[in-house]
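*Asks:* Taken in order, these protein sequences are the chains called P and A. For the record, in the first sequence the residue sitting at position 61 is 61 according to the numbering used here, with numbers rising by one throughout. To get the numbering used here, take the position in the second sequence, counting from 1, and add 287. Where a beta carbon is used, it is the ideal one built from N, C-alpha and C, also for glycine. All figures in this text were calculated on a predicted structure; none of them were measured in a lab.
There are 2 protein chains.
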Amino acid sequence: MTAPERLQPVGIVGLGLIGGSLALDFKARGHPVLGVARRSQVCEAALARQMVDQASLDLRLLKAAAVIFICTPLQVIEPTVRELVPWLAEATVVTDVGSVKAPIVQQATPLWPNFVGGHPMAGTAEQGLEAAQAGLFQGRAYVLTPTADTPATVIETVASLARSLGSRVYQCTPEAHDQAVAWISHLPVIVSASLLAACEAEPEARVHDLARQLASSGFRDTSRVGGGNPELGLLMARYNREALLQSLHTYRQQLDQLTAWIQDSDWPALEQSLRLMQQVRPTYLDD
Amino acid sequence: MTAPERLQPVGIVGLGLIGGSLALDFKARGHPVLGVARRSQVCEAALARQMVDQASLDLRLLKAAAVIFICTPLQVIEPTVRELVPWLAEATVVTDVGSVKAPIVQQATPLWPNFVGGHPMAGTAEQGLEAAQAGLFQGRAYVLTPTADTPATVIETVASLARSLGSRVYQCTPEAHDQAVAWISHLPVIVSASLLAACEAEPEARVHDLARQLASSGFRDTSRVGGGNPELGLLMARYNREALLQSLHTYRQQLDQLTAWIQDSDWPALEQSLRLMQQVRPTYLDD
């Protein structure tokens, strides 16, 4: 990348955890950063922390941006693109950071051909501008989901910005992205929430009390994402319903298979499966 | 407790993680500690680390012990009690540390009336004498599972020793213990292993690759116990088969319910359930 390209003015809509962290990193790298939020206190806080050069409640501020990151909740992405379009110069690149891609890409691409879907896989338990931090995307995956019609320059513009954050950039179809995150992000939420729901269904009070008293690290880890933010879990299920249902269908088959081995006391089969799972798990976690 | 009671000679069979850690703590508190292991290298290592006062391959060493902790794998507990019995003074208290209680208590109690089942809920990812550490039981749950016939003095002897380790001591029937640990320890293993098995069943190579590349902390936590030690998982399923099957049955009902809400796009019902799970999870983890 050449120096002038690094200095493209960057616009950010939605100054929460992801938008705020992007602002911090782009500003640190020398980009002019323009931020738009829904509440004036957020604009003021972003200016006070010097995360942005200018902030506004008005999307027209972003006329001057060469690349715009939409960092709003999933259900607000499409309306935001629609509102932005009248103010954009023809070459402006628009991307988003939503955790589901197919419905977003289907909605946004017809509105703005220079749109490419994106998903930086970074997050913390906290949300909001206060949780924003420099270096959040360092070493993390950043997935871009172009369609067959997305201009190569649009993809490369966002890819190069993502690489400048220290992210590992992946590229795939919106549908492949959605099925992959259904496996590793959305299915775990339902699997884990079902564990909590099952424990709560124990009919004997003394056993239920004892379970709560004895739960330790194994239960803590397995129940974590199921006991997490319900709004996020709900949005993922709504927006990624088809892929999640596909994953749930396969999950239930596997659960039934393991249950059948236990029912039949087929210990060699159960042992072989548990041994295989011990071997495959590190292939998911070598980053 | 009075001082002389604290100085009862303690015998330990099986000098692995749990047995070795018990030895360290009891020795530090002034008890004479006698250790029995299956391999002479382990006896030598325990003596070298000054975890025990005497060590032997021969159970007869434990004639002098007032309380004996059997810290062998589950399937060796009953044969160990059987082998010990001819050498024991009538008042000797015998306990074990197995993670499943009903079958152990059923087998051991007829062999030795002064037996009480126990389960210190402590562990690490490592195993063996090298992993033994002082203070492992501090602040952790220690469950005792007497029957209606267990002498009160036997229960109190072991409870008082467990409290001296800093453990929170609970008392319940072997059956209540087994159902409680099925919920919080054994069910999570199968739920988590099924998640790995389901992800491995993804038929499209590019989606499978992408899932492995994108997996991060949520997947790491939810898959941890399912990708753990297969021997432990197998033993838990074998010894706690009935209670685990009961938990799996309820789990599948809950999973099917959540799946049905997603299938039916019944978002208010899903949101209410996820919201409830967020509220109940801390009641399992307030220790």
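Comparing the C-beta of Q133/P with each C-beta of chain A, is any distance below 8 Å?
*Replies:* Position 133 of the first sequence, counted from the start, is the residue given in the question as residue 133/P. Cβ-Cβ to chain A under 8 Å: no for Q133/P.
*Asks:* Given M277/P, which residues of its chain have a CB within under 8 Å of its CB, disregarding the five upstream and five downstream residues?
*Replies:* If you number the first sequence from 1, residue 277/P lands on position 277. Excluding sequence neighbours, M277/P sits near nothing in its chain.
*Asks:* Let me check one thing: in DSSP terms, what residues is L144/P bridge-paired to?
*Replies:* Within the first sequence, the letter at position 144 stands for residue 144/P. In DSSP, L144/P forms a bridge with G118/P and Q171/P.
*Asks:* Going straight from the alpha carbon of S503/A to that of T259/P, what length do you get?
*Replies:* Your numbering for residue 503/A matches position 216 in the second sequence. Your numbering for residue 259/P matches position 259 in the first sequence. Those two C-alpha atoms are separated by around 27 Å.
*Asks:* Report all residues from its chain with a CB closer than 8 Å to the CB of V478/A; omit the five preceding and five following residues, and keep chain order.
*Replies:* On the second sequence, position 191 is the one that residue 478/A refers to. For V478/A, where only same-chain residues beyond five positions count, the Cβ hits under 8 Å are G513 and Y538.
*Asks:* What residue range does the beta strand (DSSP E) around Q106/P cover?
*Replies:* For the purposes of this step, residue 106/P is taken as residue 106 along the first sequence, with counting starting at 1. Here Q106/P belongs to no beta strand (DSSP E); instead the alpha helix (DSSP H) covers A102 to A108.
*Asks:* Residues in its own chain within less than 8 Å of A3/P by CB, not counting five upstream and five downstream?
*Replies:* The count along the first sequence starts at 1 and reaches residue 3/P at position 3. The pLDDT assigned to A3/P is 49, lower than 50, so where the model puts this residue is not dependable, and the model offers no usable value.
*Asks:* Pick helix, strand or coil for L346/A, following the three-state DSSP scheme.
*Replies:* Taking the first residue of the second sequence as position 1, residue 346/A is located at position 59. It is helical.
*Asks:* What number of angstroms, rounded off, separates the C-alpha of T150/P from the C-alpha of G118/P?
*Replies:* Taking the first residue of the first sequence as 1, we reach residue 150/P at position 150. Taking the first residue of the first sequence as 1, we reach residue 118/P at position 118. Taking the straight line from one Cα to the other gives about 13 Å.
*Asks:* Out of curiosity, what's the CA-to-CA distance linking F424/A and A182/P?
*Replies:* Translated into positions along the second sequence, residue 424/A becomes position 137. Translated into positions along the first sequence, residue 182/P becomes position 182. Answer to the nearest angstrom: the Cα atoms are 39 Å apart.
*Asks:* Out of R29/P, G16/P and G233/P, state which residue places its alpha-carbon closest to the alpha-carbon of Q41/P.
*Replies:* Within the first sequence, residue 41/P is the residue found at index 41, counting from 1. Checked all of R29/P, G16/P and G233/P; the closest Cα to Q41/P is G16/P.
*Asks:* Check Q295/A in the structure and name its three-state DSSP category.
*Replies:* Residue mapping note: residue 295/A aligns to position 8 of the second sequence, counting from 1. It is coil, neither helix nor strand.
*Asks:* Is there contact here, the segment 379 to 386 of chain A with the segment 346 to 357 of chain A, by at least three beta-carbon pairs under 8 Å?
*Replies:* As far as the Cβ criterion goes, the segment 379 to 386 of chain A touches the segment 346 to 357 of chain A, which means the pair count is three or higher.
*Asks:* Any heavy atom of the ligand GTP closer than 7 Å to the Cβ of M523/A?
*Replies:* Absence of the ligand GTP from the depicted structure is noted, as is the absence of any ligand whatsoever, leaving it without description.
*Asks:* Give the residues of chain P in contact with Q362/A, contact being defined as C-beta atoms less than 8 Å apart.
*Replies:* Counted from its first residue, the second sequence places residue 362/A at position 75. Per Cβ cutoff of 8 Å: no residues; Q362/A is ~12 Å from chain P at best.
*Asks:* Could you spell out the range, first to last residue, of the alpha helix (DSSP H) harbouring F219/P?
*Replies:* Numbered from 1 along the first sequence, position 219 holds the residue referred to as residue 219/P. Unbroken alpha helix (DSSP H) run through F219/P: S217 to S223.
*Asks:* Just the C-alpha distance for W261/P and C199/P, rounded to the nearest angstrom, thanks.
*Replies:* As a first step, residue 261/P is located in the first sequence; it is residue number 261 there, counting from the start. As a first step, residue 199/P is located in the first sequence; it is residue number 199 there, counting from the start. Each residue's alpha carbon lies about 22 Å from the other.
*Asks:* According to a CB-to-CB cut-off of less than 9 Å, which residues of the segment 547 to 561 of chain A neighbour chain P?
*Replies:* The segment 547 to 561 of chain A vs chain P, Cβ under 9 Å: W548, I549, Q550, S552, W554, L557, E558, Q559, S560 and L561.
*Asks:* So for E126/P, helix, strand or coil by DSSP?
*Replies:* Position 126 of the first sequence holds residue 126/P. Coil, per DSSP.
*Asks:* Assuming G322/A and A353/A make a contact with CB atoms under 8 Å, what is their CB distance in whole Å?
*Replies:* In the second sequence, counting from the first residue as 1, residue 322/A sits at position 35. In the second sequence, counting from the first residue as 1, residue 353/A sits at position 66. Not confirmed; about 15 Å, so no contact.
*Asks:* Once the 5 residues before and after L294/A are set aside, which same chain residues still bring their CB inside 7 Å of it?
*Replies:* Residue 294/A sits at position 7 when you count from the first residue of the second sequence. Excluding residues within five positions, the ones whose Cβ falls inside 7 Å are G317 and H318.
*Asks:* Helix, strand or coil: how does DSSP classify G278/A here?
*Replies:* With chain A running from 288 to 574 in the structure shown, residue 278/A is simply not present.
*Asks:* Relative to the C-alpha of L248/P, which residue among I391/A, D345/A, A421/A and Q550/A is closest?
*Replies:* Numbered from 1 along the first sequence, position 248 holds the residue referred to as residue 248/P. Out of I391/A, D345/A, A421/A and Q550/A, Q550/A has the C-alpha closest to the C-alpha of L248/P.
*Asks:* For T537/A, does the three-state DSSP call read helix, strand or coil?
*Replies:* Counting from one through the second sequence, the residue named residue 537/A turns up at place 250. In the structure shown, T537/A sits in a helix (DSSP, three-state: H, G or I).
*Asks:* DSSP three-state call for F69/P: helix, strand or coil?
*Replies:* Along the first sequence, one-based indexing puts residue 69/P at 69. Note: F69/P maps to strand in three-state DSSP.
*Asks:* Look at Q154/P and C172/P and say whether their C-beta atoms are less than 8 Å apart.
*Replies:* Translated into positions along the first sequence, residue 154/P becomes position 154. Translated into positions along the first sequence, residue 172/P becomes position 172. For the sequence presented, residue 154/P should be read as Val rather than Gln. Not a contact, by the Cβ cut-off of 8 Å.
*Asks:* Apply the 10 Å Cβ neighbour rule to D312/A and answer buried if 16 or more other Cβ atoms are within range, or exposed otherwise.
*Replies:* Numbered from 1 along the second sequence, position 25 holds the residue referred to as residue 312/A. Counting Cβ neighbours within 10 Å, D312/A comes out buried, since at least 16 surround it.
*Asks:* Measuring only the C-alpha atoms, how far is L47/P from D53/P?
*Replies:* The residue given as residue 47/P occupies position 47 in the first sequence. The residue given as residue 53/P occupies position 53 in the first sequence. Near 7 Å, if we compare the C-alpha coordinates of D53/P and L47/P.
*Asks:* Does Y457/A come within less than 8 Å of chain P when only Cβ atoms are used?
*Replies:* Start at 1 with the first residue of the second sequence, and residue 457/A comes out as number 170. Cβ-Cβ to chain P under 8 Å: yes for Y457/A.
*Asks:* To the nearest angstrom, report how far apart P577/A and G228/P are at their CA atoms.
*Replies:* Residue 577/A cannot be examined here, being either before or after the span of chain A that is shown, 288 to 574.
*Asks:* If we require 4 or more residues per run, which alpha helix (DSSP H) segments fall completely within the segment 457 to 491 of chain A?
*Replies:* As far as the segment 457 to 491 of chain A is concerned, its whole alpha helix (DSSP H) runs of at least 4 residues are 461 to 468 and 474 to 487.
*Asks:* To the nearest angstrom, how far is it from the Cα of T157/P to the Cα of L232/P?
*Replies:* Residue 157/P sits at position 157 when you count from the first residue of the first sequence. Residue 232/P sits at position 232 when you count from the first residue of the first sequence. Using only the alpha carbons, I get a separation of about 29 Å.
*Asks:* Please report the residue range of the alpha helix (DSSP H) in which V380/A lies.
*Replies:* Within the second sequence, residue 380/A is the residue found at index 93, counting from 1. Taken as a continuous stretch (DSSP letters only), V380/A belongs to no alpha helix (DSSP H), being part of the beta strand (DSSP E) at V380 to D383.
*Asks:* Please list the partners that E443/A has in chain P, where partner means a Cβ-to-Cβ separation under 9 Å.
*Replies:* Locating residue 443/A in the second sequence gives position 156, counting from the first residue. Within 9 Å Cβ-Cβ: nothing; E443/A doesn't reach chain P, min ~20 Å.
*Asks:* Hey, could you find the ends of the alpha helix (DSSP H) H554/A is sitting in?
*Replies:* Here residue 554/A corresponds to residue number 267 of the second sequence, with the count starting at 1. Before going on, a small fix: residue 554/A reads as Trp here, not His. That run of the alpha helix (DSSP H) goes W554 to Y571.
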